[in-house]
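Colleague: Going letter by letter, the sequence shown gives residues 1 to 207 in the UniProt record's numbering.
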Amino acid sequence: MTKKIDESAGNAEKPDGNELKFSLLLVLALAFDEGLPSGHRVGSLIVISNYESLEDTAQAIELYSQANSLAPSDPAILARLAAIYDAEGDKTQAFQSNYDSYRYYPSNLKVIEWMGAYYIDAQFSEKAVNYFEKASIMQPNEIKWQLMMASSHRRAGNYQKALELYKNIHKKFPANIECLKFLVRITTDLGMPEAKEYVEKLGKAER
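See the structure below:
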């Protein structure tokens, strides 16, 4: 049975027709059978991904949804569904799938970044902070997450907190131009004397 599953995954480079659809669903049912090793799931998902490569997104969504019904708490399947929905412009479904994926596995950086960006676009920047803070804890040396966390506070109107974060980022990454630009903007808007210092530092960094 294992051999048949692997062959089904490997021979479906160009899926087409009802017979193949039926065989894929059979593969999914077998792959998610609790009596089989979890590794067989990979072959099944590769088969489904062939529909994505052929831009048959409706079929891919249907099959991933079938897989999700067999393994409703599998974060990888939910993340793939979210990615397809997002590519199709269906933000509502993409959000729900990413949200559920995050609940089951809150360490997928792609999902974390998407959720944070979604809340920023929806003008709920205070909610985005939590996701970027999570990412910055996971990757403390990645400046992107710290900048996005500071930006979320700034967009939410928490200027003092944003300023504090930008100052901390500047200490760790003194030559980062994006950080310096926001330090100049915030200190200037708040009428702070440090603005001149940051303007000079920005000028040197841009040379």
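Every residue, glycine too, gets a C-beta built ideally from N, C-alpha and C.
Quick caveat: nothing in here was measured; it's all calculated off a predicted structure.
Taking only the alpha-carbon atoms, compute the straight-line gap between alanine 76 and serine 101 and give it to the nearest angstrom.
Modeller: In the sequence shown, residue 76 corresponds to position 76, counting from 1. In the sequence shown, residue 101 corresponds to position 101, counting from 1. Taking the straight line joining both Cα atoms gives about 7 Å.
Colleague: Hey, how far is the Cα of threonine 188 from the Cα of leucine 165?
Modeller: To locate residue 188, count along the sequence shown from 1; it is residue 188. To locate residue 165, count along the sequence shown from 1; it is residue 165. Cα to Cα, the separation comes out at about 16 Å.
Colleague: Where alanine 162 and serine 151 are concerned, what is the direct C-alpha to C-alpha distance, given to the nearest angstrom?
Modeller: Residue 162 sits at position 162 when you count from the first residue of the sequence shown. Residue 151 sits at position 151 when you count from the first residue of the sequence shown. Distance between the alpha carbons of alanine 162 and serine 151: 7 Å.
Colleague: Answer yes or no: do phenylalanine 132 and tryptophan 145 have a C-beta to C-beta separation smaller than 7 Å?
Modeller: Reading the sequence shown from its first residue, position 132 is the one you call residue 132. Reading the sequence shown from its first residue, position 145 is the one you call residue 145. Closer than 7 Å, so yes.
Colleague: To the nearest whole angstrom, what separates the beta carbons of serine 125 and tyrosine 119, a pair I think is in contact under 8 Å?
Modeller: For the purposes of this step, residue 125 is taken as the residue at position 125 of the sequence shown. For the purposes of this step, residue 119 is taken as the residue at position 119 of the sequence shown. Contact holds; Cβ gap of about 7 Å.
Colleague: Ordered along the chain, which non-local residues of its own chain (more than five positions away) have a Cβ less than 8 Å from that of alanine 87?
Modeller: Translated into the one-based positions of the sequence shown, residue 87 becomes position 87. Around alanine 87: Thr57.
Colleague: By Cβ distance, which residues of its chain are closer than 8 Å to serine 73, with the 5 residues on each side in sequence left out?
Modeller: Against the sequence shown, residue 73 aligns to sequence position 73. Result list for serine 73: Tyr104, in chain order.
Colleague: So alanine 122 packs on asparagine 98, CB below 8 Å; how close in whole Å?
Modeller: Looking up residue 122 in the sequence shown gives position 122. Looking up residue 98 in the sequence shown gives position 98. Actually they are not in contact, since the Cβ atoms of alanine 122 and asparagine 98 sit about 13 Å apart, beyond 8 Å.
Colleague: For a test of the three-state rule: what should DSSP assign to alanine 195, helix, strand or coil?
Modeller: Here residue 195 refers to the residue found at position 195 when the sequence shown is read from its first residue. Reduced to three states, the DSSP call for alanine 195 is helix.
Colleague: In whole angstroms, give me the CA-to-CA distance for lysine 196 and glycine 203.
Modeller: Taking the first residue of the sequence shown as position 1, residue 196 is located at position 196. Taking the first residue of the sequence shown as position 1, residue 203 is located at position 203. Those two C-alpha atoms are separated by around 11 Å.
Colleague: With DSSP run on the structure shown, which of helix, strand or coil describes leucine 109?
Modeller: Indexing the sequence shown from 1 puts residue 109 at position 109. Leucine 109: helix per DSSP, three-state reduction.
Colleague: Taking the straight line between their C-alpha atoms, what separation do you get for leucine 183 and leucine 70?
Modeller: Residue mapping note: residue 183 aligns to position 183 of the sequence shown, counting from 1. Residue mapping note: residue 70 aligns to position 70 of the sequence shown, counting from 1. Taking the straight line joining both Cα atoms gives about 50 Å.
Colleague: Helix, strand or coil: how does DSSP classify phenylalanine 173 here?
Modeller: Here the question's residue 173 lines up with position 173 in the sequence shown. Note: phenylalanine 173 maps to coil in three-state DSSP.
Colleague: Can you name, in chain order, every residue of its own chain whose Cβ lies under 7 Å from the Cβ of leucine 147, other than the five neighbours on each side?
Modeller: Taking the sequence shown and counting its residues from 1, the one referred to as residue 147 is at position 147. The answer, listed in chain order, is Ile169, Glu178 and Cys179.
Colleague: Quick check on lysine 172 - is its C-beta less than 7 Å from some C-beta in chain D?
Modeller: Annotation note: the requested chain D is absent from the structure, which comprises a single protein chain.
Colleague: Taking only the alpha-carbon atoms, compute the straight-line gap between methionine 192 and alanine 79 and give it to the nearest angstrom.
Modeller: The count along the sequence shown starts at 1 and reaches residue 192 at position 192. The count along the sequence shown starts at 1 and reaches residue 79 at position 79. For methionine 192 and alanine 79, the distance between alpha carbons rounds to 44 Å.
Colleague: State the Cα-Cα distance for the pair asparagine 108 and aspartate 90, rounded to the nearest angstrom.
Modeller: Here residue 108 refers to the residue found at position 108 of the sequence shown. Here residue 90 refers to the residue found at position 90 of the sequence shown. One C-alpha to the other measures close to 21 Å.
Colleague: Where do the N-terminal and C-terminal ends of the alpha helix (DSSP H) with phenylalanine 124 fall, by residue?
Modeller: Against the sequence shown, residue 124 aligns to sequence position 124. That residue, phenylalanine 124, is in no alpha helix (DSSP H); it is neither H nor E in DSSP.
Colleague: Report the residue from Arg155, Gln96 and Gln139 whose alpha carbon sits nearest the alpha carbon of alanine 128.
Modeller: Position 128 of the sequence shown holds residue 128. Alanine 128 has its Cα closest to that of Arg155, out of Arg155, Gln96 and Gln139.
Colleague: From Glu206, Ala94 and Arg185, pick the residue whose C-alpha is nearest to that of glutamine 160; which is it?
Modeller: Within the sequence shown, numbered from 1, the residue matching residue 160 stands at position 160. The candidate whose alpha carbon is nearest that of glutamine 160 is Arg185.
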